[in-house]
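K.L.:
Keeping their order, the protein sequence lines are chains A and B.
Sequential numbering of the first sequence, starting at 80, is according to this note's numbering.
Sequential numbering of the second sequence, starting at 679, is according to this note's numbering.
Take a look at the following structure, please.
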Amino acid sequence: MKNRVLAVLLAISAGVVLAAPMSVQVRNGKVRATPSQLGAVVATVEYGAVVQAGAPQKGWYQVTTSDGKTGWLHESALSKKPIAMRAGATDAATGVSSDEVALAGKGFNEQVEAKLRKEGRLDYTWVDRMAAFDVSADQIRNFRTQGNLPGGAQ
Amino acid sequence: MSDRHMLAMTLALSAAGGLAAVLFAGCEGMPEVGAQIAKDAGVISADQAQSLTRGAQALQKTWQDLTPEQEYYIGRAVTAQVFQTYPPLDRPAANAYLNILGQSLAVFSDRPETYGGYHFLLLDSDEINAFAAPGGLILVTRGMLRCCQNEDELAAVLAHEICHVEKKHGLAAIKQGRLTEAFTVIAAESAKQSGNEQLASLTREFEGSVGDIVMTLTTSGYSRTQERDADAAAVRLLQRAGYPETAMIAMLNRMDERLANSGGIGFAKTHPSAKSRADALRTMIQAAESAPDAIRQQRFAAVMRPIIAGR
Numbered sequence: 080m081k082n083r084v085l086a087v088l089l090a091i092s093a094g095v096v097l098a099a100p101m102s103v104q105v106r107n108g109k110v111r112a113t114p115s116q117l118g119a120v121v122a123t124v125e126y127g128a129v130v131q132a133g134a135p136q137k138g139w140y141q142v143t144t145s146d147g148k149t150g151w152l153h154e155s156a157l158s159k160k161p162i163a164m165r166a167g168a169t170d171a172a173t174g175v176s177s178d179e180v181a182l183a184g185k186g187f188n189e190q191v192e193a194k195l196r197k198e199g200r201l202d203y204t205w206v207d208r209m210a211a212f213d214v215s216a217d218q219i220r221n222f223r224t225q226g227n228l229p230g231g232a233q
Numbered sequence: 679m680s681d682r683h684m685l686a687m688t689l690a691l692s693a694a695g696g697l698a699a700v701l702f703a704g705c706e707g708m709p710e711v712g713a714q715i716a717k718d719a720g721v722i723s724a725d726q727a728q729s730l731t732r733g734a735q736a737l738q739k740t741w742q743d744l745t746p747e748q749e750y751y752i753g754r755a756v757t758a759q760v761f762q763t764y765p766p767l768d769r770p771a772a773n774a775y776l777n778i779l780g781q782s783l784a785v786f787s788d789r790p791e792t793y794g795g796y797h798f799l800l801l802d803s804d805e806i807n808a809f810a811a812p813g814g815l816i817l818v819t820r821g822m823l824r825c826c827q828n829e830d831e832l833a834a835v836l837a838h839e840i841c842h843v844e845k846k847h848g849l850a851a852i853k854q855g856r857l858t859e860a861f862t863v864i865a866a867e868s869a870k871q872s873g874n875e876q877l878a879s880l881t882r883e884f885e886g887s888v889g890d891i892v893m894t895l896t897t898s899g900y901s902r903t904q905e906r907d908a909d910a911a912a913v914r915l916l917q918r919a920g921y922p923e924t925a926m927i928a929m930l931n932r933m934d935e936r937l938a939n940s941g942g943i944g945f946a947k948t949h950p951s952a953k954s955r956a957d958a959l960r961t962m963i964q965a966a967e968s969a970p971d972a973i974r975q976q977r978f979a980a981v982m983r984p985i986i987a988g989r
């Protein structure tokens with residue numbers, strides 16, 4: 080009997096973990112085919128989107144996106160806290176309260192940056208150029224192979 | 679007055695006086711309970727209760743409550759402000775190499791993903807220094823480059839900076855008063871666009887927060903504990919990425935020599951002595967120094983030698 084109760088409890092807790100919703104906390108979340116930052120990208124998810132996440136495995140979550148795609152996201156791309164969506168975004172029905180919306184979506188944001196730019200208080204020219212530097216997974220793979228860098232563990 | 683009334687009044691008053699943050703630090707939900715009890719007891723109105731709750735919640739918030747998006751906008755402004763003193767070095771090939779090297783390390787960090795990702799840039803300054811703005815914008819001066827003889831040593835510099843981003847050391851430099859003010863303004867609003875007055879107030883606190891971080895990066899420096907944490911994490915990061923961690927010690931020793939000749943500007947001002955850092959790392963690192971890989975040496979030299987030489 081004791082074992083059966085334990086089994087049921089374990090099943091319930093496993094079930095809860097399997098179904099846990101998490102929010103994407105990066106601007107361009109890349110859902111990957113394998114638990115690796117260099118894995119093939121199978122889907123992209125935007126900031127605030129909710130995915131269903133399984134139990135974490137060495138820093139990675141297997142996730143299912145709202146349109147049913149499955150893959151892996153690193154824990155640093157996910158938050159257990161709900162993230163407020165901008166108006167018009169796709170996954171608006173996240174069940175966050177209006178207070179949470181106000182707190183998460185407001186404040187030190189693009190509106191503040193726009194004001195600083197407009198008033199000429201900060202020059203963002205080079206910040207924008209710097210942020211445009213992009214490195215692909217292939218470039219990283221080639222760079223590592225050519226440089227004789229051992230496999231490493233992510 | 680009944681005990682319940684007394685309790686309600688006490689809780690409501692402490693919330694109103696801003697004491698809630700102190701009394702209930704680390705105990706989320708208590709101000710809400712206090713305001714609720716006060717409202718139920720008829721001591722305050724529903725509106726007042728809501729306002730008290732919001733105010734108390736704002737007081738409890740710290741830099742750890744900044745969202746990744748807020749961190750991103752703070753980091754962009756910090757970088758723009760650093761550029762006012764340290765101009766960017768417009769060398770496409772060298773900056774492209776720096777970004778591939780940096781990204782090759784960042785994918786192995788405990789925080790490979792940030793809101794806007796990691797990006798790297800060289801600065802046209804002879805001062806020996808490197809900066810990590812919140813969210814992953816990392817800057818390295820020509821002077822710092824001169825402390826690196828090969829790719830492995832430059833990887834050590836970048837790994838250290840990536841670890842500051844990972845641990846959010848920049849955000850921790852923001853004075854709590856500014857955040858309390860900003861969170862109070864944010865909490866007082868509805869979900870609509872900020873009005874002019876609130877926007878002006880938020881912009882003021884934002885600029886103050888950015889100023890706090892820039893001051894820490896360029897003048898006062900992180901704490902010794904933060905630097906030691908970043909060094910230790912950088913060693914683990916180098917190991918995971920396949921770089922010899924002894925490169926960190928070699929780089930620090932060269933930096934120590936160069937700083938001794940530079941009269942203590944730049945990095946020396948904002949970091950514990952390079953020698954003490956190298957000594958601390960020696961206790962962590964068992965591996966013997968190895969000769970740098972020829973191909974890594976060659977590709978580093980191809981793009982960085984002219985810059986190191988000041989051409």
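For each residue, glycine too, the CB sits at the ideal point set by N, CA and C.
Between I162 of chain A and Y126 of chain A, is the Cβ-Cβ spacing less than 8 Å?
P.N.:
For I162 of chain A and Y126 of chain A, yes; Cβs fall inside 8 Å.
K.L.:
Suppose the cutoff is 6 Å on Cβ atoms and the five residues either side in sequence are ignored; what does the same chain contact list for Q827 of chain B look like?
P.N.:
Excluding positions up to five away in sequence, the list is empty.
K.L.:
Just checking, does the stretch 737-755 of chain B make contact with the stretch 191-207 of chain A on the three C-beta pairs under 8 Å criterion?
P.N.:
Cβ pair count under 8 Å is three or more, so yes.
K.L.:
Under DSSP, the alpha helix (DSSP H) around H842 of chain B begins and ends at which residues?
P.N.:
Its alpha helix (DSSP H) spans residues 829-844.
K.L.:
When the Cα atoms are used, what is the spatial distance from Q781 of chain B to A99 of chain A?
P.N.:
Each residue's alpha carbon lies about 30 Å from the other.
K.L.:
Contact criterion: CB-CB distance below 8 Å. Does A122 of chain A meet it with respect to chain B?
P.N.:
Chain B contact via Cβ: absent.
K.L.:
How many whole angstroms separate the CB atoms of Y793 of chain B and G813 of chain B, which I take to be in contact at a CB cut-off of 8 Å?
P.N.:
Correct: roughly 6 Å between the Cβ atoms.
K.L.:
Determine the direct distance from the alpha carbon of R932 of chain B to that of I891 of chain B, and round the result to whole angstroms.
P.N.:
Their backbone Cα atoms lie some 27 Å apart in a straight line.
K.L.:
Please confirm whether T169 of chain A has its beta-carbon closer than 8 Å to some beta-carbon of chain B.
P.N.:
In this prediction, T169 of chain A scores a pLDDT of 38, lower than 50, which makes its location untrustworthy; the coordinate-derived value is nonetheless stated afterwards. No, because no Cβ of chain B sits closer than 8 Å to the Cβ of T169 of chain A.
K.L.:
List, in chain order, every chain B residue whose beta-carbon is nearer than 7 Å to that of A156 of chain A.
P.N.:
Correct list: E791.
K.L.:
If you run the structure through DSSP and keep just helix, strand and coil, what is K62 of chain A?
P.N.:
With chain A covering only 80 through 233, there is no way to say anything about residue 62 of chain A.
K.L.:
Closest to A837 of chain B by C-alpha separation, out of B:A972, B:D934, B:A908, B:P765, would be which residue?
P.N.:
The option with the nearest alpha carbon to A837 of chain B is B:A908.
K.L.:
Does the beta carbon of L622 of chain B come closer than 8 Å to any beta carbon on chain A?
P.N.:
Because chain B is modelled from 679 through 989, residue 622 of chain B falls outside the range shown and cannot be assessed.
K.L.:
Answer yes or no: does any C-beta atom of chain B fall closer than 8 Å to that of Y140 of chain A?
P.N.:
No, its Cβ sits nowhere closer than 8 Å to a Cβ of chain B.
K.L.:
Just checking: is the beta-carbon of P229 of chain A within a distance shorter than 8 Å of some beta-carbon in chain B?
P.N.:
Chain B contact via Cβ: present.
K.L.:
By how many angstroms is the C-alpha of E885 of chain B removed from the C-alpha of Q854 of chain B?
P.N.:
Looking at the two C-alpha atoms, the distance is approximately 14 Å.
K.L.:
Within its chain, find whatever has a CB closer than 6 Å to the CB of Q904 of chain B; leave out the 5 residues flanking it on each side and keep chain order.
P.N.:
If we look at Q904 of chain B and ignore the five residues flanking it on each side, its Cβ neighbours are H847.
K.L.:
If I'm right that I985 of chain B touches L800 of chain B with Cβ under 8 Å, what's the distance once you round it to whole angstroms?
P.N.:
Going by Cβ atoms, the distance from I985 of chain B to L800 of chain B rounds to 7 Å, so yes, they are a contact pair.
K.L.:
Can the beta-carbon of P746 of chain B be found less than 8 Å from the beta-carbon of V105 of chain A?
P.N.:
A contact, by the Cβ cut-off of 8 Å.
K.L.:
For K160 of chain A and L823 of chain B, I'd like the C-alpha separation in whole angstroms.
P.N.:
Cα-Cα distance, rounded: 40 Å.
K.L.:
Assign I852 of chain B to one of three DSSP states: helix, strand, or coil.
P.N.:
Coil.
K.L.:
Quick one: is G150 of chain A near chain B, going by C-beta distance under 8 Å?
P.N.:
No, G150 of chain A does not count as interfacial toward chain B.
K.L.:
Chain A beta carbons: is any one of them nearer than 8 Å to that of T914 of chain B?
P.N.:
Per the sequence shown, the amino acid found at residue 914 of chain B is Arg instead of Thr. False, the Cβ-Cβ gap to chain A never drops below 8 Å.
K.L.:
Going by beta-carbon coordinates alone, are S778 of chain B and N227 of chain A separated by less than 8 Å?
P.N.:
The sequence shown places Ile at residue 778 of chain B, not Ser. Taking 8 Å as the Cβ cut-off, I778 of chain B and N227 of chain A do not qualify as a contacting pair.
K.L.:
Going along chain B, which residues have a C-beta under 7 Å from R111 of chain A?
P.N.:
By Cβ distance, chain B contributes nothing, its closest Cβ being about 11 Å from R111 of chain A, past 7 Å.
K.L.:
Does chain B have any CB closer than 8 Å to the CB of E192 of chain A?
P.N.:
Judged by the 8 Å Cβ criterion, E192 of chain A is in contact with chain B.
K.L.:
At a Cβ threshold of 8 Å, is E706 of chain B touching chain A?
P.N.:
Confidence at E706 of chain B is low in this model, with a pLDDT of 40, below 50, so its placement is unreliable and the value that follows should be read with caution. No, its Cβ sits nowhere closer than 8 Å to a Cβ of chain A.
K.L.:
In whole angstroms, give me the CA-to-CA distance for Q116 of chain A and A850 of chain B.
P.N.:
Distance between the alpha carbons of Q116 of chain A and A850 of chain B is about 27 Å.
K.L.:
Rounded to a whole number of angstroms, what is the C-alpha to C-alpha distance between G174 of chain A and W151 of chain A?
P.N.:
Low local confidence applies: a pLDDT of 41 at G174 of chain A is under 50, so the model's placement there is unreliable, and no value is given.
K.L.:
Taking the alpha-carbon of F798 of chain B as reference, which of B:T862, B:A969, B:T881, B:P770 has the nearest alpha-carbon?
P.N.:
When each option's Cα is compared against that of F798 of chain B, the closest is B:P770.
K.L.:
On the three-state DSSP scale, how would you describe V105 of chain A?
P.N.:
Of the three classes helix, strand and coil, the one that applies to V105 of chain A here is coil, per DSSP.
K.L.:
Looking at the C-beta of V129 of chain A, does it have a partner C-beta in chain B at a distance below 8 Å?
P.N.:
It does not; no Cβ of chain B falls within 8 Å.
K.L.:
Per the DSSP calculation, S158 of chain A is bridged to which residue(s)?
P.N.:
A:S102, per the DSSP bridge assignment.
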